[in-house]
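Enquirer: After the structure tokens below, expect a handful of questions from me.
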Amino acid sequence: MMKNIIFALLLLLFLVGCNNAEQPEVQEEEPVEEGVTEEDETEVPDESDTNTGAGTDEENEIPESDDSEAVDEQEIEVVEPTYELTEDWGLKPISEEGNEDVVLLTIDDAPDKRALDMAKTLKELDAEAIFFVNGHFLDTDEEKAILKEIHELGFDIGNHTYSHQRLSEVSVEKQREEIESLSNLIEEIIGEKPKFFRAPNGVNTEFAEQFVKEEGMLLMNWTYGYDYFKPYMDAEKLTTAMVTGEGPEVDVPYSLLKPGANLLMHDRDWTADALGDIVIGLRDKGYEILDPALIKTPE
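For reference, each letter of the sequence shown is one residue, going -21 to -1, 1 to 278 in mature numbering (1 follows the signal peptide of the UniProt record, and there is no 0).
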């Protein structure tokens, strides 16, 4: 009987020992199974690498396509014109809902003296304008850099002929050269051709009118301006004349200021000094400064 008990105990100890010997092998398998999860986690940086250009071609094509489409949408965004030029050189809304109480600011003979100062003044006041330039003010790299900066500030650049030549006094070939050569130079400097044209002294010819239209530019004169008259070569007097529209010292005792007025100014010291007050004065009278981008031009 005692032998049977001893034998049973020995058998039990043998079985327990066998189980303990097999246990480490089972425990070694557990980290192997967990290792699959760790491998999955180590793939996360690889997926982020895919976003920066690593990974398969198919994975990379998706963000590239989306980005290019976004850029294309921005590039093709076009501002619809809401104003058009009138027969008397003013501006009016195309639709009845448009604001009639607007004025357009234009600055000729740039960049001669203070054009960049004038652009910065307008920028500070959030006021738009067209800078009509001459080629003989774009002879140097410094002058070209000034024009480029004016454009980068957000202002439209217009064609005012290369040498400020009165078009009615020269041949058709010369008229073409005066207009075309400046448009090409402007494109070379700012990357785009001008959309607006103004003839020196406001003198146009049949050829110039047709050629300008063919070049896709809007021919433009003005409704009033005073800074080229000697009595108004003074900032204070010029401010009063431009804001009221009156020029009694040059036989204009009545106001030329009206909705859609197209205001002529020049790149001059006295005009630059008066410009800020002119903008503020016109706004105080209830006029909005028109953005040239809203003006309809030839297609």
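Don't be surprised by glycine CBs; every beta carbon is placed ideally from N, CA and C.
Rounded to whole angstroms, what is the Cα-Cα separation between residue 243 and residue 114?
Expert: The alpha-carbon atoms of residue 243 and residue 114 are separated by roughly 19 Å.
Enquirer: Can you list, in chain order, the residues of its chain with a C-beta nearer than 7 Å to that of residue 160? Leave out the 5 residues immediately preceding and following it.
Expert: For residue 160, where only same-chain residues beyond five positions count, the Cβ hits under 7 Å are 114, 141.
Enquirer: Have a look at the DSSP bridge pairing and note the partners of residue 82.
Expert: 240, 268.
Enquirer: Output the distance between the C-alpha atoms of residue 132 and residue 245, rounded to the nearest integer angstrom.
Expert: Residue 132 and residue 245: Cα-Cα distance of roughly 19 Å.
Enquirer: How many angstroms separate the CA atom of residue 211 from the CA atom of residue 217?
Expert: Their Cα atoms are separated by approximately 5 Å.
Enquirer: Assuming residue 145 and residue 182 form a contact by the criterion Cβ under 8 Å, report the distance between their Cβ atoms to the nearest whole angstrom.
Expert: Indeed they touch by this definition, with Cβ atoms about 5 Å apart.
Enquirer: Kindly list the residues whose CB is nearer than 6 Å to the CB of residue 276, restricted to its own chain and excluding five residues on each side of it in sequence; keep chain order.
Expert: For residue 276, where only same-chain residues beyond five positions count, the Cβ hits under 6 Å are 174, 197.
Enquirer: Locate the beta strand (DSSP E) running through residue 172, then write down its first and last residues.
Expert: Element bounds for residue 172: n/a, residue is neither H nor E.
Enquirer: At a cut of 8 Å, does the region 217 to 236 reach the region 180 to 195 through at least three beta carbon pairs?
Expert: No: fewer than three Cβ pairs fall under 8 Å.
Enquirer: With contact counted as at least three CB pairs below 8 Å, one residue from each stretch, are the region 113 to 130 and the region 160 to 169 in contact?
Expert: Because the criterion of three Cβ pairs below 8 Å is met, the region 113 to 130 and the region 160 to 169 touch.
Enquirer: Taking 8 Å as the cut-off, does the region 183 to 192 touch the region 229 to 239 (at least 3 CB pairs, one atom from each stretch)?
Expert: The region 229 to 239 vs the region 183 to 192: no contact.
Enquirer: Going along the chain, which unbroken runs of the alpha helix (DSSP H) with 4 or more residues stay wholly within the region 140 to 191?
Expert: Counting only runs of 4 or more, we get 151 to 169.
Enquirer: Suppose you measure from the CA of residue 55 to the CA of residue 83; what does that come to, to the nearest Å?
Expert: For residue 55, the predicted structure reports a pLDDT of 49, less than 50, and the residue's modelled location is therefore unreliable. A value from the coordinates is still provided. Rounded to the nearest angstrom, the two C-alpha atoms are 26 Å apart.
Enquirer: Does the distance from the C-beta atom of residue 268 to that of residue 107 stay below 8 Å?
Expert: Cβ distance < 8 Å, so residue 268 and residue 107 count as in contact.
Enquirer: In the structure shown, what three-state DSSP assignment does residue 231 receive?
Expert: Looking at residue 231 - three-state DSSP - the assignment turns out to be strand.
Enquirer: Please name the residue, chosen from 223, 266, 192, that lies closest to residue 204 on a Cα-to-Cα basis.
Expert: That would be 223, whose Cα lies nearest to the Cα of residue 204.
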